[in-house]
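Undergrad: If you read the protein sequences in the order shown, they are chains P and V. Heads up: the first sequence begins at 982 in this note's numbering, then just goes up one per residue. Heads up: the second sequence begins at 4 in this note's numbering, then just goes up one per residue. Built from N, CA and C at the ideal position, the CB exists for glycine as well.
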Amino acid sequence: MIKLQNLHKSYPMGKDSLHVLKGLDLHIKEGEFVSIMGSSGSGKSTLLNIVGLLDEHDEGTYHLNGQLIEKLDEKKAAILRNRFLGFVFQSFNLITYKNALENVALPLYYKGMNRKERQKIALKYLDKVGLKDRAEHLPSELSGGEKQRVAIARALVTNPKVVLADEPTGALDSSTSHAVMELLKEISREGMTVFVITHEEDIAAGTDRIVRLLDGVITSDEKTNKKVKV
Amino acid sequence: MFDLDRWREIFQTLSKNKLRTILSGFTIAFAILLFTLLFGIGNGLKHFFEREFAGDATNSVYISAGITTKPYKGLQSGRRIQFKNNDTKFINEKFEDDIQFFSPNIQRFNVLTIYKGEQNRYTVRGVYPDYLPLESAEIQEGRFLSVLDLKRKAKVVAIGRMVEKDLFGNLSAMGKNLNIEGISYKVIGVFSDPGGDGDERFIYTPFTTAQGMYRDNDELDYFGLTYNPKLNVDEALSFSNLLTKMLKEKHSVDPRDQGALRVRNYAEGAKNVQQFIMVLNIIILFIGIGTLIAGVIGISNIMVYIVKERTKELGIRKALGATPSSIIGMIMMESIFVTAIAGYFGLMLGVFVLKSIGKGLEQYFIVNPSVETYVVVGATIVLIIAGTIAGYIPATRAARIKPIEALNDE
């Protein structure tokens, strides 16, 4: 599903440049539940941005769903994001003046779906995350855990190939974190590829595979044996 | 082209961010309000001057006689100059080519005029048929005096619209007999005059009739004429100077004597007024354009700020699959929508204010302050263009924002 080969990325910092990703090779298959671990500055967010088509890589190749990603213009990137990717952010990134249902329905608007169908599907996904009764609430009226569940519903609503979660539990307390991770796990069990970025060991431990990043290189890539336990 | 969903999206954004919408709307509404008021008041000033100088034909010359102030050719000063019928003949013969309309005039003020119990006092003028175009007056009903009336010394009158209104109310005066100082005159015509109510309270009777009635001999009061409209202002002035010189010679008046013969040539005044109105127009135009530009800059600033404020939201939208063109479209449509609605509101408010205060401004030389339809249409078009410009720059900037940067924007 996601195939990275010798991926490099550096950011210009004045005259010098900061080499963030130094030749990553990573292959994530369809339906995998993967976490990227690393301290801040390890390059994990950069990796997610590149995988999420929010940023461009400098060198190497990136295949998403078998498609080589290179020299994308903004429009193509937007269409690919809309079709293949769902995002879950640490700070939720819900639109503050839209209620939960409208937030969930927004990706479908950009997909060009009509309003009735949008609302029907959005409601279905809100139901899936257990927030059907909060459909008319604004983000400010929801708890942190509820906001993140709305964001997950929004990420899923277009039925993407990959869900990218950037520190999805970073702003949540431990019990809500646990609930959110359970939800992601459930999604993964349904066959969705889920890609989580975190720096918390126990969160990473909840996934099927942990990739550790340090200073822009992969230091370890191992499967957790959790699956065996279950 | 009409995308209901997109409009829903825009309405929601605008209505959920009321303060922002109202602030940006207020800027443009205020600019347009100022524009409308300035334009309207400028037009009012213009109307005032046009009205004040529209009373008579702009190429008219009036010649009246007075008392000499200088001794000349053995004659003492303080002598009264009196025009007579031979002066009429003199002017007519000497300046036939330069004159368009010409009429001697006998004038009598405060003449008691009665019709069936209704009575009032009016100025009665004895004139030639040519006098009508001299006053820029127009016949509304019936006819003006004719050459035949003049020859027959007919006891007929053409009366102003206000005379008819005073004495006849809503009835027609045509064919009725007016009692003017005890003598009966038949009303043959009613005229209107752009010079206003005062000029519509005159009664015109044939020159010969008036001379017979009010003078014992062939004396008359003054001359009115219009010069050939082909003459330019300078030619017109030299014509009236020559006329003055020859009349002074004929009446043995010192050429430097300013009191004995007075010639009023409207050419110079008309020229000044036209220039004044033109300058006024230019000033109005500059102020108007300036106000509009200020408004456009204002709304551009606000749009830049709005885009800045919405950076994160736009980043989210992009992450969810919004293309750059859909971002540009959204920002621009919002901008155009707000400018058009707010601008229209300001325009209507301006028109309303002008309507409601217009009557009270006449003492400040402002008459009927208003904006013409083409100005309204033009301003609306300018508004829409303004909205487009105001929205375009921030919108393209918004579209260029990298979603990743926008999302990190706290």
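Quick one: does I319 of chain V have its CB under 8 Å from some CB of chain P?
TA: For the purposes of this step, residue 319 of chain V is taken as residue 316 along the second sequence, with counting starting at 1. Flagged as an interface residue toward chain P: I319 of chain V, by a C-beta distance shorter than 8 Å.
Undergrad: For R218 of chain V and R155 of chain V, I'd like the C-alpha separation in whole angstroms.
TA: Indexing the second sequence from 1 puts residue 218 of chain V at position 215. Indexing the second sequence from 1 puts residue 155 of chain V at position 152. Their Cα atoms are separated by approximately 17 Å.
Undergrad: Count the other CB atoms within 10 Å of the CB of E214 of chain V; is the residue buried (16 or more) or exposed (fewer)?
TA: Mapped onto the second sequence, residue 214 of chain V falls at position 211. First, the residue type needs correcting, since residue 214 of chain V is Gln and not Glu in the sequence shown. Residue environment for Q214 of chain V: buried (at least 16 other C-beta atoms within 10 angstroms of its C-beta).
Undergrad: Does the segment 371-384 of chain V come close enough to the segment 333-353 of chain V that 3 or more CB-CB pairs lie under 8 Å?
TA: yes
Undergrad: Do I1178 of chain P and E1203 of chain P have their beta-carbon atoms positioned less than 8 Å apart in this structure?
TA: Working through the first sequence from its first residue, we reach residue 1203 of chain P at position 222. Working through the first sequence from its first residue, we reach residue 1178 of chain P at position 197. No; because the gap between Cβ atoms is not below 8 Å, this pair is not in contact.
Undergrad: Restricting to runs no shorter than 4 residues, where is the alpha helix (DSSP H) found entirely within the segment 57-127 of chain V?
TA: Within the segment 57-127 of chain V, the complete alpha helix (DSSP H) runs of at least 4 residues are 88-97.
Undergrad: Could you work out which residues of chain V lie near A1146 of chain P, taking near to mean beta carbons separated by less than 8 Å?
TA: For the purposes of this step, residue 1146 of chain P is identified with residue 165 of the first sequence, where counting begins at 1. Residues of chain V passing the Cβ test: none, with the nearest at roughly 13 Å.
Undergrad: Name, please, each residue of chain V whose Cβ falls closer than 7 Å to the Cβ of I1076 of chain P.
TA: For the purposes of this step, residue 1076 of chain P is taken as the residue at position 95 of the first sequence. Near I1076 of chain P (Cβ distances below 7 Å), the residues of chain V are E316 and I319.
Undergrad: Looking at chain P, is there any beta carbon in it that lies within less than 8 Å of the beta carbon of S447 of chain V?
TA: This structure does not reach residue 447 of chain V, given that chain V is present from 4 up to 413, and the question cannot be answered.
Undergrad: Would G1041 of chain P and G995 of chain P be called neighbours here (beta carbons separated by less than 8 Å)?
TA: Against the first sequence, residue 1041 of chain P aligns to sequence position 60. Against the first sequence, residue 995 of chain P aligns to sequence position 14. In this structure, G995 of chain P does not lie closer than 8 Å to G1041 of chain P by Cβ.
Undergrad: What three-state label does DSSP hand D257 of chain V in the structure shown?
TA: The count along the second sequence starts at 1 and reaches residue 257 of chain V at position 254. Of the three classes helix, strand and coil, the one that applies to D257 of chain V here is coil, per DSSP.
Undergrad: Taking only runs that begin and end inside the segment 184-247 of chain V, name each unbroken beta strand (DSSP E) of 3 or more residues, in chain order.
TA: 186-195, 205-209 and 225-230
Undergrad: By the DSSP assignment, the beta strand (DSSP E) with E1163 of chain P in it spans what residues?
TA: Against the first sequence, residue 1163 of chain P aligns to sequence position 182. Premise fails: E1163 of chain P lies in the alpha helix (DSSP H), S1155 to R1170, not in any beta strand (DSSP E).
Undergrad: Using the C-alpha atoms, what's the distance from I1076 of chain P back to K1210 of chain P?
TA: Within the first sequence, the letter at position 229 stands for residue 1210 of chain P. Within the first sequence, the letter at position 95 stands for residue 1076 of chain P. Legend: pLDDT at K1210 of chain P = 42, less than 50; position of this residue unreliable, value from coordinates given subsequently. Those two C-alpha atoms are separated by around 40 Å.
Undergrad: So, Y230 of chain V versus I66 of chain V, is the Cβ gap smaller than 8 Å?
TA: Looking up residue 230 of chain V in the second sequence gives position 227. Looking up residue 66 of chain V in the second sequence gives position 63. Going by C-beta atoms, Y230 of chain V is not nearer than 8 Å to I66 of chain V.
Undergrad: Relative to the alpha-carbon of P132 of chain V, which residue among V:V256, V:A402 and V:L228 has its alpha-carbon at the smallest distance?
TA: By 1-based counting over the second sequence, the position of residue 132 of chain V is 129. Residue V:L228 is the option with its Cα nearest to P132 of chain V.
Undergrad: I need the straight-line Cα distance from G1172 of chain P to L1035 of chain P, nearest angstrom please.
TA: Your numbering for residue 1172 of chain P matches position 191 in the first sequence. Your numbering for residue 1035 of chain P matches position 54 in the first sequence. For G1172 of chain P and L1035 of chain P, the distance between alpha carbons rounds to 24 Å.
Undergrad: What residues in its chain sit with their C-beta under 8 Å from that of D1189 of chain P, if we drop five residues either side in the sequence?
TA: Locating residue 1189 of chain P in the first sequence gives position 208, counting from the first residue. Cβ neighbours of D1189 of chain P beyond the five flanking positions: E1013, F1014, V1015, S1169, K1204, T1205, K1207 and K1208.
Undergrad: What is the DSSP secondary structure of E141 of chain V, counted as helix, strand or coil?
TA: For the purposes of this step, residue 141 of chain V is identified with residue 138 of the second sequence, where counting begins at 1. Here E141 of chain V sits in strand by DSSP.
Undergrad: Whether or not the segment 26-40 of chain V and the segment 352-369 of chain V are in contact is what I'm after, with contact meaning three or more pairs of Cβ atoms, one per stretch, closer than 8 Å; do they touch?
TA: Counting C-beta pairs closer than 8 Å gives three or more between the segment 352-369 of chain V and the segment 26-40 of chain V, which meets the contact rule.
Undergrad: 8 Å is my cut-off, CB to CB: does P406 of chain V come that close to chain P?
TA: Counting from 1 along the second sequence, the entry for residue 406 of chain V is found at position 403. At least one CB of chain P lies nearer than 8 Å to the CB of P406 of chain V.
Undergrad: Given that a residue counts as buried once 16 or more other Cβ atoms are within 10 Å of its Cβ, and exposed if not, what is D202 of chain V?
TA: Within the second sequence, numbered from 1, the residue matching residue 202 of chain V stands at position 199. By the neighbour-count rule (16 or more Cβ atoms within 10 Å), D202 of chain V is buried.
Undergrad: If you count every other CB in all the chains shown that lies within 10 Å of the CB of E316 of chain V, and 16 or more means buried, which is it?
TA: As a first step, residue 316 of chain V must be located in the second sequence, where it is residue number 313. So E316 of chain V counts as buried.
Undergrad: Would the segment 1049-1059 of chain P count as touching the segment 268-288 of chain V if we require 3 or more Cβ pairs under 8 Å?
TA: no
Undergrad: Tell me M1018 of chain P's beta-bridge partners as DSSP assigns them.
TA: Taking the first residue of the first sequence as 1, we reach residue 1018 of chain P at position 37. According to DSSP, which records beta bridges pairwise, M1018 of chain P is partnered with P:T1179 and P:R1193.
Undergrad: So P107 of chain V packs on F210 of chain V, CB below 8 Å; how close in whole Å?
TA: In the second sequence, residue 107 of chain V corresponds to position 104, counting from 1. In the second sequence, residue 210 of chain V corresponds to position 207, counting from 1. That belief holds up - the Cβ atoms of P107 of chain V and F210 of chain V are roughly 6 Å apart, short of 8 Å.
Undergrad: Starting from Q986 of chain P and walking both ways along the alpha helix (DSSP H), at which residues does that stretch end?
TA: Within the first sequence, residue 986 of chain P is the residue found at index 5, counting from 1. First-last for Q986 of chain P: I983 to M994, but that is the beta strand (DSSP E), not the alpha helix (DSSP H).
Undergrad: Under 8 Å by Cβ, that's how I've got A1134 of chain P and Y1091 of chain P pegged, so tell me the actual separation to the nearest angstrom.
TA: Counting from 1 along the first sequence, the entry for residue 1134 of chain P is found at position 153. Counting from 1 along the first sequence, the entry for residue 1091 of chain P is found at position 110. A1134 of chain P to Y1091 of chain P, Cβ: 16 Å. No contact.
Undergrad: Given this structure, state the Cα-to-Cα distance separating Q15 of chain V from N1080 of chain P, to the nearest angstrom.
TA: The residue you call residue 15 of chain V lines up with position 12 of the second sequence. The residue you call residue 1080 of chain P lines up with position 99 of the first sequence. One C-alpha to the other measures close to 11 Å.
Undergrad: Exposed or buried, what is E1011 of chain P when buried is set at 16 or more other beta-carbons lying within 10 Å of its beta-carbon?
TA: Sequence index remark: in the first sequence, residue 1011 of chain P carries index 30 (1-based). With fewer than 16 other Cβ atoms within 10 Å, it is exposed.
Undergrad: Would you say V341 of chain V and T24 of chain V are within 8 Å of each other, going by their C-beta atoms?
TA: The residue you call residue 341 of chain V lines up with position 338 of the second sequence. The residue you call residue 24 of chain V lines up with position 21 of the second sequence. Result yes, Cβ atoms of V341 of chain V and T24 of chain V sit closer than 8 Å.
Undergrad: Distance check for L41 of chain V and F105 of chain V, CA to CA, integer angstroms please.
TA: Taking the second sequence and counting its residues from 1, the one referred to as residue 105 of chain V is at position 102. Taking the second sequence and counting its residues from 1, the one referred to as residue 41 of chain V is at position 38. If you take the alpha carbons of F105 of chain V and L41 of chain V, they lie about 42 Å apart.
Undergrad: Measure how close the beta-carbons of A140 of chain V and D101 of chain V come, nearest whole angstrom, since I'm counting them as under 8 Å.
TA: Taking the first residue of the second sequence as 1, we reach residue 140 of chain V at position 137. Taking the first residue of the second sequence as 1, we reach residue 101 of chain V at position 98. Wrong, their Cβ atoms sit about 23 Å apart, outside the cutoff.
Undergrad: Among P:R1115, P:N987 and P:A1136, which residue has its Cα nearest to the Cα of E1127 of chain P?
TA: If you number the first sequence from 1, residue 1127 of chain P lands on position 146. Of the candidates P:R1115, P:N987 and P:A1136, the one whose C-alpha sits nearest the C-alpha of E1127 of chain P is P:R1115.
Undergrad: How big is the Cα-Cα spacing for N220 of chain V and Y134 of chain V?
TA: In the second sequence, residue 220 of chain V corresponds to position 217, counting from 1. In the second sequence, residue 134 of chain V corresponds to position 131, counting from 1. Spanning the alpha carbons of N220 of chain V and Y134 of chain V requires a straight line of approximately 22 Å.
Undergrad: Under 8 Å Cβ-Cβ, which residues of chain P neighbour K19 of chain V?
TA: Here the question's residue 19 of chain V lines up with position 16 in the second sequence. Chain order gives the chain P residues near K19 of chain V as Y1078 and K1079, where near means a beta carbon separation below 8 Å.
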